[in-house]
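The sequence shown lines up with residues 60 to 943 when you count with the numbering used here. By construction, the Cβ of each residue, glycine as well, lies at the ideal position given by its N, Cα and C atoms.
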Amino acid sequence: MAASVLIVEDEVILGKELARSLQRMGYTIAGRVTSGEKALAQVVELQPDLVLMDIVLTGSMNGIEAADRIRTLCDVPIIYLTAHTEAEVLERARATEPYAYLAKPYTEEQLRTTVYIALYKHKMQKRIEESERKFRLLFENTPLGYQALDEKGHIIEVNKAWLELFGYSRDEVLGKWFGNFLGPGQQDLFVKGYSRLMATGRIRGAELKVATKTGTTLYATIDGLATYDDDGRFTQSHCIIRDDTDRKQAEIALQRQNEYLSTIMESVTNPFYIVNAHDYSVVRANTAAQSKGVVEQSTCHYTTHGRAEPCDDRDFPCPVRELVRTAAPTTVQHIHYGVDGQPRNIEVHAYPIVDGRGKVSQIIEYCLDVTERKRVEEDRHRLATAIEQSADSVVITDSQGTIQYVNPAFERLTGYARDEVVGRNPRILKSGKQSAAFYSQLWKTLSAGRVWRGRLVNKTRDGRLVEEDATISPVMDASGKIVNYVAVKHDVTTEVQLQKQLVQAQKMESIGTLAGGIAHDFNNLLQVVVGYTAMLLMDKDENHPDGEALAAIRQAAHDGAGLIKGLLTFSRKVEYYPRPVNLNQEVKRVYKILPRMIPKMIDVQMRLADGLRPINADPNQFEQILLNLAVNAHQAMPGGGTLTIETANVTLDEYYCKLHLDAAPGDHVRLTISDTGVGMDREVLEHIFEPFFTTKEPGVGTGLGLATVFGLIKTHQGHITCESEPAVGTSFNLYFPAIQRPSKLEVPVRETPPVGGTETLMLVDDDAKVRGFVKNLLVRAGYTVLTAPDGVEALEVFKERGSEISLVILDFIMPKMSGAECLRKLLEIDPHAKVLIASGYTARGKDRELMENASRGILSKPYDAPGLLGAVRKALDEGDKVVH
């Protein structure tokens with residue numbers, strides 16, 4: 060509850076402002092008056108917690124007079140509010156014992172602090188008064204005797220218990236020397252003890268014999284404390300006197316047994332000692348305890364943290380205190396550093412000694428050195444912890460192979476709980492992938508007492524196959540007999556899968572490199588065939604007898620070009636014109652074509668996801684991907700079935716990408732093409748994307764369908780997986796990176812009508828046959844043609860006759876100097892030079908940017924006569940393009 064304040068202020072505005080400030084501080088305003096008379100009445104009526112009193116007030120009673128009257132009526136703290144600084148006024152105010160002065164003008168923070176301190180001070184005074192009252196009550200009613208002595212040892216004060224103990228009245232003892240009340244021979248002990256008390260300030264446990272008024276001798280224990288004045292001079296002592304007659308008599312009885320106990324203790328070879336339950340000091344210790352340094356004076360031998368004082372119950376339960384409290388025997392272990400400084404594990408068995416009052420007075424302790432036992436236990440615990448927390452599976456069986464233990468890693472890997480496998484044989488994990496001879500050799504090795512190491516293929520509870528590198532060791536007893544087997548198995552399933560993926564990826568990359576090289580050279584050969592055939596056909600009319608044969612040659616060359624295009628697609632060396640597309644729209648477009656390619660007995664279903672992310676794709680290449688997979692599915696379902704096309708938004712995480720080496724993390728769009736056909740086994744699956752690999756009969760298909768799909772997926776920076784099972788069906792999953800914004804649209808060079816000209820051209824190509832055909836064709840079209848077999852010679856010709864050359868036709872793949880380097884140097888010589896690129900496959904990166912930005916067009920090999928003549932004419936007719 061908030062403290063209430065009475066405000067006595069004759070200036071109304073100041074009083075109101077003071078009330079608002081106090082209320083903001085959280086105090087309650089008991090009232091607000093302007094005169095001393097009203098203040099006096101309000102204090103009596105309202106009993107506020109605090110009075111803020113202005114010294115100068117209206118009326119006949121000023122603030123000082125009012126405060127003096129209030130002090131005689133009730134106990135309420137007063138703070139003066141004053142602008143006076145005269146000494147006479149302040150002296151009169153001080154006589155009323157105010158709690159504080161608050162000089163006007165004052166800040167709100169000064170007000171807050173002054174009020175808080177005054178209330179706190181008043182509260183503390185009340186507590187002190189209450190404490191003094193309680194002390195006096197305790198002093199008179201405590202069962203322990205109390206006495207206060209002056210520096211000479213004369214009695215100043217005693218309490219009721221002291222008088223009852225000694226049998227005297229207060230008047231009989233006050234002012235008397237305390238030595239007069241002691242037994243025979245005790246006065247000298249008192250003088251020495253009192254001198255020590257005055258010098259040290261404290262004495263504890265001093266034992267004296269006291270004589271009662273009736274002549275009875277009692278055994279008393281005295282605890283004393285000295286007090287001093289500000290100058291450090293002794294003023295008086297305060298002593299507590301306990302009647303320990305019963306305890307002392309018990310000790311005397313106990314002393315009679317000491318010799319007997321001593322004999323027993325010395326006969327024990329292990330450390331044996333007795334601890335005082337009062338101050339935890341060692342009362343007695345046998346020779347073994349002393350020689351091994353087990354005990355030292357005032358040491359708690361139960362502590363496990365190496366502290367020399369009894370344990371603090373706030374930290375953890377102290378066995379000593381607990382034993383003293385309950386009188387129940389206990390056993391404690393702790394670390395002990397012996398006389399050699401080496402740590403030892405000591406097990407202490409403690410038993411209480413109870414006095415006649417039922418209190419534990421002493422504790423018997425018997426020590427056992429359990430260092431070796433502890434070490435064995437810790438080793439066993441560490442081993443058990445390591446096995447429990449090991450990432451590898453651990454299985455322990457008996458000599459017959461019955462499982463006795465499996466660790467948590469085994470449970471996580473196999474799916475079997477420990478209770479499900481204990482008592483069973485490890486054969487429950489058999490996958491059937493290893494022969495009986497394999498297991499026979501394994502057991503032959505183990506039975507001979509040797510360690511077996513190898514790889515196991517096991518089956519989990521849910522039917523998954525896992526590969527494990529296993530080490531199985533026999534465990535033998537002291538006689539050499541095998542009693543257990545311990546198997547430690549490391550799961551290498553993921554590593555094996557990744558290794559296979561890596562080998563497959565390296566193989567596909569090698570095949571792609573080989574295919575790209577072959578295709579480039581074969582393209583040049585086809586270029587000659589296509590070119591010369593086109594030239595011959597241009598000179599003959601439709602009825603010429605050689606026309607049909609030449610047309611067949613041209614068609615065969617075009618078919619060969621188709622195969623080369625498939626190889627180039629697989630090796631990712633084809634033109635690629637991506638743009639932002641919605642995969643659902645492309646699927647719907649191809650879906651309209653499928654009925655013309657797939658028989659009606661195959662049911663085609665689409666499951667397209669809503670809100671599909673856009674991807675960067677070449678629509679024509681995507682059409683080829685989908686048609687190739689659809690045709691492949693059709694051929695896998697000769698008797699009919701279901702072809703399902705699905706799309707979905709997916710996010711590939713780091714874990715997935717670790718398991719699939721050619722995948723990149725991030726947002727993707729997944730296209731799934733599934734069939735219910737004949738399916739494929741594992742061996743076939745490993746080769747399906749290789750060029751010319753096919754399971755069809757000879758002469759049926761080229762074996763480039765899935766290789767083409769693979770190449771196009773890689774061109775799109777995508778990722779493809781295949782899942783298949785014989786007689787169940789096949790599913791291809793294609794992943795395309797999702798995009799956030801449109802990418803640059805690439806437009807291929809379009810063919811123009813075959814128009815000639817009279818300009819001078821330079822043809823740069825390393826293939827002599829190609830140079831011969833192209834030069835022949837261009838000369839017949841009216842052009843003057845200069846040739847060069849490589850970039851080095853081309854630069855020499857251009858430096859000499861560059862002013863004559865209107866267009867350079869440049870092969871991009873050449874020896875000595877690449878087409879890209881040659882193009883850069885040509886433009887250094889003449890930034891206005893016009894260059895037409897001729898290439899069998901597409902460059903990447905900076906070379907690709909150079910081809911697009913610095914050339915007048917890109918002509919894909921193999922090209923025919925109209926295509927070449929159209930591209931040349933278009934490049935010549937374009938305006939100047941200056942490349943910086």
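In this structure, how does DSSP classify Phe497 when only helix, strand and coil are distinguished? Stepping through the sequence shown from its first residue, residue 497 is reached at position 438. Of the three classes helix, strand and coil, the one that applies to Phe497 here is helix, per DSSP.
Rounded C-beta distance between Thr731 and Gly700? I'm assuming under 8 Å. Numbered from its first residue, the sequence shown carries residue 731 at position 672. Numbered from its first residue, the sequence shown carries residue 700 at position 641. About 16 Å separates the two Cβ atoms, so there is no contact after all.
State the beta-bridge partners of Glu526 as determined by DSSP. Counting from one through the sequence shown, the residue named residue 526 turns up at place 467. Answer by DSSP bridge pairing, in chain order: Val516.
Unbroken alpha helix (DSSP H) run spanning Gln349, endpoints: Translated into positions along the sequence shown, residue 349 becomes position 290. 346-350 is the span of the alpha helix (DSSP H), which, as asked, contains Gln349.
Give me the DSSP bridge partner(s) of Arg261. Within the sequence shown, the letter at position 202 stands for residue 261. Answer is Leu284.
Contact check, Thr473 vs Arg520 under 8 Å by CB: the rounded distance? Counting from one through the sequence shown, the residue named residue 473 turns up at place 414. Counting from one through the sequence shown, the residue named residue 520 turns up at place 461. About 6 Å separates the beta carbon of Thr473 from that of Arg520, a gap short enough to meet the 8 Å contact definition.
Can you name, in chain order, every residue of its own chain whose Cβ lies under 7 Å from the Cβ of Pro107, other than the five neighbours on each side? Translated into positions along the sequence shown, residue 107 becomes position 48. Cβ neighbours of Pro107 beyond the five flanking positions: Ser63, Val64, Leu65, Ala89, Val135.
By DSSP, does Thr846 sit in helix, in strand, or in coil? Sequence index remark: in the sequence shown, residue 846 carries index 787 (1-based). Correct three-state label for Thr846: strand.
Rounding to the nearest angstrom, what Cα-Cα distance links Tyr253 and Leu222 in this structure? The residue you call residue 253 lines up with position 194 of the sequence shown. The residue you call residue 222 lines up with position 163 of the sequence shown. Rounded to the nearest angstrom, the two C-alpha atoms are 21 Å apart.
Rounded C-alpha distance that separates Phe331 from Leu248: The residue you call residue 331 lines up with position 272 of the sequence shown. The residue you call residue 248 lines up with position 189 of the sequence shown. Straight-line Cα distance between these residues: approximately 34 Å.
Does the distance from the CB of Asn329 to the CB of Gln421 come in under 7 Å? Numbered from its first residue, the sequence shown carries residue 329 at position 270. Numbered from its first residue, the sequence shown carries residue 421 at position 362. Not a contact, by the Cβ cut-off of 7 Å.
If you draw a straight line from the C-alpha of Ile704 to the C-alpha of Glu527, how long is it? Taking the first residue of the sequence shown as 1, we reach residue 704 at position 645. Taking the first residue of the sequence shown as 1, we reach residue 527 at position 468. Near 37 Å, if we compare the C-alpha coordinates of Glu527 and Ile704.
On a Cα-Cα basis, can you pick out the residue from Asn641, Arg403, Gln316, Met696 that is closest to Ile657? As a first step, residue 657 must be located in the sequence shown, where it is residue number 598. Answer by Cα proximity: Met696.
Local Cβ density within 10 Å of Asp824, reported as buried at 16 or more and exposed below that: On the sequence shown, position 765 is the one that residue 824 refers to. Looking at its Cβ environment, which holds 16 or more other Cβ atoms inside 10 Å, Asp824 is buried.
Should Met665 be labelled buried (16 or more other beta-carbon atoms within 10 Å of its own) or exposed? Along the sequence shown, one-based indexing puts residue 665 at 606. When all chains shown are included, Met665 counts as exposed.
Going by DSSP, what residue range makes up the alpha helix (DSSP H) through Arg229? As a working mapping, residue 229 is identified with position 170 in the sequence shown. For Arg229, the enclosing alpha helix (DSSP H) has its first and last residue at 229-232.
Proximity to Lys548 [Cα-Cα], best of Thr767, Arg512, Asp677: Translated into the one-based positions of the sequence shown, residue 548 becomes position 489. Checked all of Thr767, Arg512, Asp677; the closest Cα to Lys548 is Arg512.
Member of Tyr139, Gln799, Leu744, Lys433 whose CA lies at the smallest distance from the CA of Glu784: Position 725 of the sequence shown, counted from the start, is the residue given in the question as residue 784. Of the listed residues, the one whose Cα sits closest to Glu784 is Leu744.
Are there three or more Cβ pairs, one per stretch, closer than 8 Å when the region 675-688 is compared with the region 709-726? The region 675-688 vs the region 709-726: no contact.
Taking Asn602 as part of the beta strand (DSSP E), name the residues at either end of that continuous run. The count along the sequence shown starts at 1 and reaches residue 602 at position 543. For Asn602, there is no enclosing beta strand (DSSP E), as DSSP marks it with neither H nor E.
Decide if Thr774 is buried, meaning its Cβ has at least 16 other Cβ atoms within 10 Å, or exposed. Here residue 774 is taken as the residue at index 715 of the sequence shown, counted from 1. Thr774 sits buried, since 16 or more C-beta atoms from the chains shown fall within 10 Å of its C-beta.
Sort out for me which residues DSSP pairs Ile950 with in a bridge. Since the first and last residues shown for the chain are 60 and 943, residue 950 lies out of range.
Could you give the uninterrupted runs of the alpha helix (DSSP H) lying entirely in the region 824-879, keeping only those of 4 residues or more? For the region 824-879, whole alpha helix (DSSP H) runs of length 4 or above, ordered along the chain, are 827-839, 850-860.
Under 8 Å Cβ to Cβ from Leu208, same chain only, skipping five residues before and after it: list those, please. Taking the sequence shown and counting its residues from 1, one reaches residue 208 at position 149. Only Ile214, Ile215, Phe237, Tyr253, Gln295, Ser296, Cys298 meet the Cβ criterion.
Tyr396: which of Ile455, Thr430, Met739, Lys828 sits nearest, CA to CA? Taking the sequence shown and counting its residues from 1, the one referred to as residue 396 is at position 337. Residue Thr430 is the option with its Cα nearest to Tyr396.
Using C-beta distances below 8 Å, list every residue in its chain close to Glu818, excluding the 5 sequence neighbours before and after it, in chain order. To locate residue 818, count along the sequence shown from 1; it is residue 759. Within the same chain, Glu818 has close Cβ partners Tyr842, Thr843, Ser865, Leu866, Leu935.
Report the residue from Glu887, Ala100, Asp303 whose alpha carbon sits nearest the alpha carbon of Phe857. Position 798 of the sequence shown, counted from the start, is the residue given in the question as residue 857. Closest by C-alpha distance to Phe857, out of Glu887, Ala100, Asp303, is Glu887.
Host alpha helix (DSSP H) of Gln316 (start-end): Locating residue 316 in the sequence shown gives position 257, counting from the first residue. Unbroken run through Gln316: none, as it is neither H nor E.
Which value, in whole angstroms, describes the spacing of the CA atoms of Gly244 and Arg343? Walking along the sequence shown from the start, residue 244 turns up at place 185. Walking along the sequence shown from the start, residue 343 turns up at place 284. In a straight line, the C-alpha of Gly244 is about 29 Å away from that of Arg343.
With DSSP as the reference, label Lys489 as helix, strand or coil. The residue given as residue 489 occupies position 430 in the sequence shown. Annotated three-state conformation of Lys489 is strand, per DSSP.
Could you work out which residue in Glu104, Ile868, Tyr650, Glu70 is closest to Ala892 when comparing CA atoms only? Numbered from 1 along the sequence shown, position 833 holds the residue referred to as residue 892. Answer by Cα proximity: Ile868.
Are the region 437-449 and the region 412-427 in contact at 8 Å, needing three or more beta carbon pairs? With the cut-off at 8 Å, the region 437-449 and the region 412-427 do not touch.
Same chain, Cβ closer than 6 Å to Gly74, neighbours up to 5 away in sequence not counted: Here residue 74 is taken as the residue at index 15 of the sequence shown, counted from 1. The beta carbon of Gly74 sits closer than 6 Å to the beta carbons of Ile66, Glu68, Arg91 from its chain, once the five residues preceding and following it are set aside; these are given in chain order.
I need the DSSP call for Cys133, collapsed to helix, strand or coil. Translated into the one-based positions of the sequence shown, residue 133 becomes position 74. Here DSSP, grouped into helix, strand and coil, assigns Cys133 to coil.
Taking 6 Å as the cut-off, is the C-beta of Thr780 nearer than that to any heavy atom in the ligand ATP? Absent from the structure shown: the ligand ATP. Ligands present: none.
Using the C-alpha atoms, what's the distance from Asp113 back to Ser228? The sequence position of residue 228 within the sequence shown is 169, counting from 1. The sequence position of residue 113 within the sequence shown is 54, counting from 1. Ser228 and Asp113: Cα-Cα distance of roughly 55 Å.
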